[in-house]
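Structure first, commentary second.
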Amino acid sequence: MAIVSPGFHGRRRADPDLPPGQYLTTDFPVLSAGPTPRVPADRWQFTVTTETGAATTWTWADLTAMPARDVTVDIHCVTKWSKLGTTWRGVPVSAFLEDVDTAADYAMAHSYGGYTTNLPLDDLLDDQAWVAYRYDGDDITPEHGGPVRLLVPHLYFWKSAKWLRGLTLMLEDSPGFWETAGYHDYGDPWREQRYQGD
Amino acid sequence: MTASVDGNALAGALREIFAVDVTAAVVRCCGCGQAGAVAQLTVWAHAPGLVARCPGCSDVVLRVVRGPDRAWLDLRGTVALEVALPAE
Amino acid sequence: MARTAIPGRLTWRAATVTAVRDETPTARTLTLDVPGWPGHLAGQHVDVRLTAPDGYSAQRSYSLASASPTVELTVQVLADGEVSPYLGTAVKPGDQLELRGPVGGWFVWRPTDPAPVLLVAGGSGIVPLMAMIRTRAAAGSRTPFRLVHSARTPADALYATELARRTRDDAGLDVHHVWSRTAGRLTVATLNTHGWPPDFAPACYVCGPTGFVEAAADMLVALGHSPRLVKTERFGGTP
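Chains as they are written, first to last, in the UniProt record's numbering: chain A, 1 to 198; chain B, 1 to 88; chain C, 1 to 239.
Take a look at the structure:
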């Protein structure tokens, strides 16, 4: 039974087309759990490590030479803002898994700065997830996860790890940074899976 | 722009959980062993939870997440909290 | 549904705005009636929660500006703020909001503390320090206080009239302003001249934007003050 302030609107708007409990924003809020890593593109590396420890590494030059897609997607942050029609360029995650021999069902995304988040491997395949390196026509700024971030827009945005540096493939699910502190292991915004047990 | 604040900003979230004010407690960091007031931790509040880091080594010392009907408190980065109490 | 306050548990309370007072062109003080307010220490803060008609809610922390038991918050309107434009321009007497507190037990001053006090404020970081100055006066304390307040211009300085009066009337209170737009940032020389010698072991309270606080605290330690006696509160943002 909150007290409603008729004159207060905040910067967000309710919108019936959004996932439950979300509010529309037109700015692009910056959330961070620590200092922003500054990773020069020419020093950036991305490593996929399988459950047996086999590792494959790509550089910025490798990444930008791969076939990329331009995608326009809606993003939903668990802190209740949604932003519609964001445009990104990235390489589908599946392109990095094509030649990888794995029986894993889960992946842990790792970031420069130590952040982690867990996802089912299936959610990274097909046209669902990208290793993104451009936002709105420009390089991704460090505040928004540049030079390279994960983009998994069908899950809450904490799954779209900023400052991406690797994926570790796992046979069993294991919670990442926010998932160990109460947030949902899957995080589907349309089912409002914010916290464990939701 | 992103900016951190300090452990004074943890007071409300921690006072929901603890019977005493924890921001005045002394916390020792697991990462580097530095000890200081919880109020002097570096706190990142523009996030899905409150993330408090050691001002010495920037390791995570304490995290609090508040759900609608629950809270999660992660103290893995904390060796110990020293809380002043009235003498018995 | 009535909420029963369990003693000792922190709960949201309904607060009613009883008065609003302009402090500067961009800051206002709200006086609040908070039934059941338990009283507070100088330097403590409260959490304020606002809920929009569509259910969107936002929460912010504000330092208490007043001596207990009066509950006053001074709100600086931030250009890109979400909550402060409402509290700093729209809210009017009779309006209600949710508040919990007081909270925070570290950045506080008690009239029983014997050490001389140095207050260093950057911009609206003066708010909890003003609560200390007002609490000192309300308690009839003779503890020597010095305030160094950095603000962009005289027009930006909170509580300037009251501070001028108190400098005259409150024995043992000295106030020094630094107008940063013309005089530049706070310097070691200013803190050396208008603070206390480290030998006096003053209790130092520094509050302001993160960059200001870190610079001022470093200067105090460089001058020989014990880091243990320098308490800081950062409210983020840029100076």
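Backbone N, C-alpha and C define an ideal beta-carbon position, used for all residues, glycine too.
Hey, could you find the ends of the beta strand (DSSP E) residue i is sitting in?
i      : result
I75/A  : 69-76
E72/C  : 71-76
P233/C : The question names Pro, but residue 233/C in the sequence shown is Glu. Taken as a continuous stretch (DSSP letters only), the beta strand (DSSP E) holding E233/C covers 230-234.
D47/C  : 45-51
N118/A : 116-120
F46/A  : 45-49
L84/A  : 81-92
T18/C  : 13-24
G101/C : 96-103
Just to confirm my understanding: we take residue i, look at its own chain, exclude 5 residues before and 5 after, and list those with CB closer than 6 Å. What are they?
i      : result
P153/A : V73, I75
T47/A  : A55, T57, G166
M219/C : V188, L191
S84/C  : V75, V77, L78
V18/A  : Residue identity check: residue 18/A is Leu in the sequence provided, not Val. Once the five neighbours on either side are set aside, the close Cβ partners of L18/A are S82.
V22/B  : L14, V38
E233/C : F107, C207
L31/A  : none
V20/C  : R28, L30
D27/A  : none
V175/C : L147, L163, T167
L41/C  : V108
Does the distance from the C-beta atom of residue i to that of residue j stay below 8 Å?
i      : j      : result
Y106/A : D173/A : yes
E143/A : T36/A  : yes
A68/A  : V93/A  : no
L229/C : P197/C : no
R136/C : P114/C : no
D169/C : R13/A  : no
A41/A  : M66/A  : no
Q40/B  : D6/B   : yes
P147/A : Y133/A : yes
L119/A : A104/A : no
R60/C  : E98/C  : no
A58/C  : H9/A   : no
A138/C : A67/C  : yes
T27/B  : L81/B  : Correcting the residue identity first, residue 27/B is Val in this sequence and not Thr. In contact: V27/B and L81/B (Cβ atoms closer than 8 Å).
D69/B  : C32/B  : no
P50/B  : V38/B  : The sequence given here places Leu at residue 50/B; Pro does not occur at that position. Cβ atoms of L50/B and V38/B: not closer than 8 Å.
P92/C  : V46/C  : A quick correction: the sequence has Lys, not Pro, at residue 92/C. Taking 8 Å as the Cβ cut-off, K92/C and V46/C do not qualify as a contacting pair.
W163/A : G145/A : yes
W88/A  : V71/A  : yes
D101/A : T50/A  : yes
V131/A : L84/A  : no
Any idea if residue i is buried or exposed, counting beta-carbon neighbours within 10 angstroms, 16 or more meaning buried?
i            : result
R76/B        : exposed
T182/C       : exposed
G36/C        : exposed
W109/C       : buried
M1/B         : The predicted position of M1/B is uncertain, since its pLDDT is 43 and thus under 50; a value taken from the coordinates is nonetheless stated next. Label assigned to M1/B: exposed.
residue 90/B : Limits of chain B in this structure are 1 at one end and 88 at the other, which puts residue 90/B out of reach.
L129/C       : buried
G172/C       : exposed
E162/C       : exposed
W81/A        : buried
M1/C         : Note that M1/C has pLDDT 41, beneath the 50 cutoff, so the model's placement of it is unreliable and the number below is only indicative. Exposed, since its Cβ has fewer than 16 Cβ neighbours within 10 Å.
T167/C       : exposed
E98/A        : exposed
P209/C       : buried
S226/C       : exposed
With a CB to CB cut of under 8 Å and the five nearest residues on each side skipped, what residues in its chain are close to residue i?
i      : result
L10/C  : R100, G101, V103
C57/B  : C29, G31, C32, Q34
V213/C : G122, G125, V206, C207, T232, E233, R234
Identify the continuous alpha helix (DSSP H) that holds residue i and give its terminal residues.
i      : result
T143/C : Taken as a continuous stretch (DSSP letters only), T143/C belongs to no alpha helix (DSSP H), as it is neither H nor E.
S111/A : Looking at the DSSP string, S111/A is not in any alpha helix (DSSP H); the run it does join, the beta strand (DSSP E), is 106-111.
A215/C : 210-222
R165/C : 160-169
H194/C : 188-194
S63/C  : Here S63/C belongs to no alpha helix (DSSP H); instead the beta strand (DSSP E) covers 57-63.
D62/A  : 60-65
T29/C  : It is not in any alpha helix (DSSP H) - T29/C instead sits in the beta strand (DSSP E) that spans 27-33.
Residues in the same chain with beta-carbon distance under 7 Å from residue i, minus the five sequence neighbours each way, listed in chain order, please.
i      : result
A65/C  : T29, E72, L73, T74, V127, M130, A131
F200/C : P116
E16/B  : A71
K159/A : T117, L119, V152, G187
T238/C : In this predicted model, T238/C has a pLDDT of only 46, less than 50, meaning its place in the structure is not dependable enough to derive any value.
Pair every Cβ in the region 92-108 of chain C with every Cβ in the region 4-15 of chain B, then say whether three or more of these pairs are closer than 8 Å.
yes
On the three-pair Cβ rule with 8 Å, is the region 112-123 of chain C touching the region 23-36 of chain C?
no
Validate contact between the region 17-28 of chain C and the region 156-172 of chain C using beta carbons, cut 8 Å, 3 pairs:
yes
Can at least three beta-carbon pairs, one atom from the region 66-79 of chain C and one from the region 41-60 of chain B, be found at a separation below 8 Å?
no
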